[in-house]
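Peer 1:
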Amino acid sequence: MSHTEPEEAWLPTTEQILMASERAILAALDTNLLLAVRTLRAEHPAALGQPPSDEPSPPHLAIAESILILAASLRELIASYRAVTGRLIRDD
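Reading the sequence shown from the start, the letters are residues 17 to 108 in this note's numbering.
1) Among T30, I41, I85, T29, whose alpha-carbon lies nearest the alpha-carbon of R54?
2) Rounded to whole angstroms, what is the Cα-Cα separation between N48 and I33?
3) State buried or exposed for E31, treating a residue as buried only when at least 16 other CB atoms are found within 10 Å of its CB.
4) What is the rounded straight-line gap between the Cα of H60 and the Cα of A80?
5) Could you check if D46 is buried or exposed, using at least 16 other CB atoms within 10 Å of its CB as the buried criterion?
So this is what it looks like as structure tokens:
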């Protein structure tokens, strides 16, 4: 897992929300995911993102690592949805 900082959250304009209102809640979700990732990395800076070892991670770190993986995947899906809807309504 990488220590790189996730890209910034995207916030739709009023016009973009009018054209596809679901973008507002998806932007809120994306922002919350970004904050969750930053918070977990701040709380466990030395433990998260280390190369896998032969020893299992403590349960809370294993769950945190899973959250980071799932948050990254979900943020990618949100970005893809935003791109597709932007092309459909020609506003991005």
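Glycine is no exception: its CB is placed at the ideal position from the N, C-alpha and C atoms.
Peer 2: Considering the structure as presented:
1) I85
2) 18 angstroms
3) exposed
4) 9 angstroms
5) buried
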